[in-house]
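First the structure, in the form of structure tokens, and then the observations on it.
Residue numbers (the working numbering): 913 to 1074.
Now the structure itself:
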């Protein structure tokens, strides 16, 4: 009986962590898209011509700050999305829908980061910039669905315990 209760408490904690990890991923991703739009609209996409770091290493001077911030948030988003995907796969009560959306999100975030590097290398080729935006929208959709499924998972788990 104690094993079942401790396992149940662990599952509840994992679901809670997954829920807030997914929500954090969504918020950070939205911030990334917002600053990415600013970088693009302000013509700052090539202010930092090297990838992944800007000139002067990890902490560039203020000339590169906005583009560097975009890259830093992109790396954070990648870590959060992949951590959410891992969380979905290790949570016992997670169904196939959340596993698929989170896995697609992980594929899209890795694709986005690689494509971002290619976009910089090819000096903002218009087609690649458009593809980068399109994959970003797909990524946002998958992270949004993952977050919604995580919150539903939490409610379903609580209802079965009552």
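Here a beta-carbon is modelled for each residue, glycine too, at the ideal position from N, C-alpha and C.
In the same chain as residue 1061, and ignoring 5 residues on each side of it, the C-beta atoms closer than 7 Å to its own belong to 1009, 1010, 1013, in chain order.
If you draw a 10 Å sphere on the C-beta of residue 1031, you find 16 or more other C-beta atoms in it, and that means buried.
With 16 or more neighbouring CB atoms inside 10 Å of its own CB, residue 947 falls in the buried class.
DSSP places residue 990 in the helix class (H, G or I) of the three-state scheme. Residue 976 counts as buried, since no fewer than 16 other beta carbons sit within 10 angstroms of its beta carbon. Annotated three-state conformation of residue 960 is coil, per DSSP. If you draw a straight line from the Cα of residue 1034 to the Cα of residue 959, it is about 14 Å long. Cβ contact annotation for residue 945 (same chain, cutoff 7 Å, sequence separation greater than five): 1048, 1052, in chain order. Listed in chain order, the non-local C-beta contacts of residue 1001 below 7 Å within the same chain comprise 1011, local neighbours out to five positions each way being set aside. In this structure, DSSP gives residue 999 a helical state, which the three-state scheme calls helix.
Under the DSSP definition of a beta bridge, residue 949 lacks any partner. Looking at 1065, 1038, 1028, 1059, the one whose alpha-carbon comes closest to that of residue 940 is 1059. Cβ-Cβ separation between residue 1022 and residue 937: approximately 14 Å, too far for a contact (criterion under 8 Å).
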